[in-house]
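Numbering (full-length UniProt numbering), first residue to last: 1 to 341. C-beta atoms are modelled at their ideal positions from N, C-alpha and C, and glycine is treated no differently. Remember, it's a predicted structure, so these values are computed and weren't measured experimentally. Here the structure comes first, spelled out in structure tokens, and everything after it is commentary.
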Amino acid sequence: MVNATSRVILVETRGPASVLTLTTVPRPTPNPTQVLVKVAFAGINYLDVNERTGAFPTPVPFIPGREGAGEIVEVGNEVQHGFKVGDRVAFLSQATYADYVAVDTLRLAKLPDSVSYEDGATLMIQGLTALSLATKSYPIQRGDIIVIHAAAGGVGLILSQIASRLGATVIGTVSTEEKATLARANGTHHVVVIPSTPAPGTKNPYEPLEAFVNQLTNNKGVHAVYDSIGKATFESDLVIARRCATLVFYGSVSGPVPDLNINRLTAKNLKVTRIQLYNYMTTFEEFDELYKEGLALLKGEDRIKLDVSKVYEFEDIQQAHLDLEGRKTTGKLLLKVAGSN
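As structure tokens, this is what we get:
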């Protein structure tokens with residue numbers, strides 16, 4: 001049954017988690033090239049927090065959410081690629097904190113029966129980001145030594161597994177011993193704990209990382225750094241990088257990296273890149289290729305584990321954002337919108 005209305009989480013003014021409001025609006029109508037998806041699970045990402053607070057300037061009012069999984073309940077008459085009513089799908093879209101979402105087929109994928117809606121939603125942003133980092137931003141080679149900041153986060157846990165599978169030695173940073181245990185269980189060979197709140201008088205919270213990297217590499221440094229933290233880690237990244245290393249930035253949880261004098265890269269011939277997942281998938285064919293590579297990682301004895309650390313009920317979205325902002329979470333957070341299959 002397709003309802004005439006849709007429950008949504010609405011942001012009408014920027015601010016703290018309390019501005020996330022559950023309300024009901026008319027069900028969206030897909031245009032001829034879209035499908036209507038009844039959402040089972042929507043992903044919860046730090047991007048949603050940044051949009052809510054205004055760090056990313058999304059016009060208000062808006063419905064947060066950029067990914068999800070569910071069932072197609074309506075198909076536009078010009079839809080391509082063989083999608084039909086009843087298909088189980090995962091997708092990248094907007095306004096996914098909702099019962100129903102009108103989705104363009106550009107980044108829409110059929111889910112095999114063997115893949116749950118939960119895993120489908122997790123594979124979208126976190127999974128495909130991790131895969132693109134490891135194979136496109138800096139293609140990891142066997143024998144590489146790399147650093148992954150926030151190694152117990154949603155992307156970090158998957159990226160660590162992929163990197164380990166590719167033959168790299170993985171050094172991960174986390175903020176607690178509990179997260180360190182989780183990171184080790186997901187492919188991180190060495191973990192350095194950097195508390196979120198440094199002890200009073202600490203001048204360089206990342207000095208333990210720098211010392212460990214120097215010891216492990218005989219002062220050569222690492223081949224690549226994957227950084228979703230940004231401002232707080234940038235200076236240390238420059239220190240731990242070896243000659244001709246690559247620094248890959250894909251987030252800025254601590255704030256944006258300061259303006260860079262490019263001459264600072266000269267001493268080591270460093271390469272710096274700031275990536276966005278969507279720019280690797282500007283066509284359906286590009287998206288479909290990356291998605292199928294992601295699905296392949298979920299098969300076999302050495303399959304990648306997708307860690308869904310917590311599923312929040314629809315009405316508990318405010319608490320989900322509070323937990324995410326408070327760095328209380330690991331792995332993937334999902335919002336349960338409807339029943340799952």
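Taking a contact to mean a Cβ-Cβ separation below 8 angstroms, would you say Gly143 touches Ser160 in this structure? no
Starting from Phe249, trace the beta strand (DSSP E) in both directions and tell me its first and last residue. Ala241 to Phe249
Asn214 versus Ser228, Thr330 and Ala241, residue with shortest Cα-Cα distance: Ala241
Measure the alpha-carbon distance for Asn341 versus Gln126 and round it to whole angstroms. Note that Asn341 has pLDDT 40, beneath the 50 cutoff, so the model's placement of it is unreliable and no number is given.
Hey, Leu149 and Thr169: beta-carbon distance below 8 angstroms or not? It is His, not Leu, that sits at residue 149 in the sequence shown. Cβ distance not < 8 angstroms, so His149 and Thr169 don't count as in contact.
Less than 8 angstroms between the C-beta atoms of Tyr100 and Gly65, yes or no? no
For Lys332, which of helix, strand or coil comes out of DSSP? strand
What residues in its chain sit with their C-beta under 7 angstroms from that of Thr129, if we drop five residues either side in the sequence? Val155, Tyr250 and Leu277
With 16 other CB atoms within 10 Å as the buried threshold, where does Gln34 fall? buried
Contact under 8 angstroms by Cβ, Thr58 with Phe284: Taking 8 angstroms as the cut-off, the beta carbon of Thr58 is found no closer than this to the beta carbon of Phe284.
Under the three-state reduction of DSSP, which class applies to Ile125: helix, strand or coil? helix
If you draw a straight line from the C-alpha of Leu131 to the C-alpha of Arg107, how long is it? Roughly 16 angstroms separates the two Cα atoms.
Could you have a look at Thr105 and say whether DSSP puts it in helix, strand or coil? helix
CA-CA distance, Thr329 and Asn186? If I take the Cα positions, the gap works out to 16 angstroms.
Would you kindly work out how many angstroms separate the C-alpha atoms of Gly54 and Glu118, rounded to a whole number? 28 angstroms
Can you give me the C-alpha to C-alpha distance between Pro195 and Ser175, rounded to a whole angstrom? Near 4 angstroms, if we compare the C-alpha coordinates of Ser175 and Pro195.
Whole-Å CB distance - Ala199 paired with Ile162, under 8 angstroms assumed: With 8 angstroms as the limit, Ala199 and Ile162 do not qualify as a contact, their Cβ atoms being about 34 angstroms apart.
Exposed or buried, what is Met281 when buried is set at 16 or more other beta-carbons lying within 10 Å of its beta-carbon? buried
What does the alpha-carbon distance come out to for the pair Thr202 and Gly68? Cα-Cα distance, rounded: 41 angstroms.
For Gly156, name the three-state secondary structure that DSSP assigns. helix
What is the rounded straight-line gap between the Cα of Arg243 and the Cα of Val147? Answer to the nearest angstrom: the Cα atoms are 15 angstroms apart.
Based on Cα-Cα distance, which residue from Arg327, Tyr291, Asp323 and Leu335 lies nearest to Lys110? Tyr291
Give the range of the beta strand (DSSP E) segment to which Arg274 is assigned. From DSSP, the beta strand (DSSP E) with Arg274 extends over Lys271 to Arg274.
Residues in the same chain with beta-carbon distance under 6 angstroms from Leu322, minus the five sequence neighbours each way, listed in chain order, please. Ala17
Give the range of the alpha helix (DSSP H) segment to which Thr181 is assigned. Glu177 to Arg184
Contact set for Lys220: own chain, Cβ-Cβ below 6 angstroms, skip 5 residues either direction: Arg242
Beta-carbon proximity list for Ser236, same chain, < 7 angstroms, skipping 5 on both sides: Tyr206, Leu209 and Glu210
Taking the alpha-carbon positions, what's the Asp87 to Pro112 distance? Computed Cα separation, rounded: 10 angstroms.
Tell me the rounded alpha-carbon separation between Pro28 and Gly43. Approximately 20 angstroms, taken between the alpha carbons.
What residue from Phe91, Gln80, Leu295 and Asn218 has the CA that sits closest to Lys305's CA? With distances taken between Cα atoms, Lys305 lies closest to Leu295.
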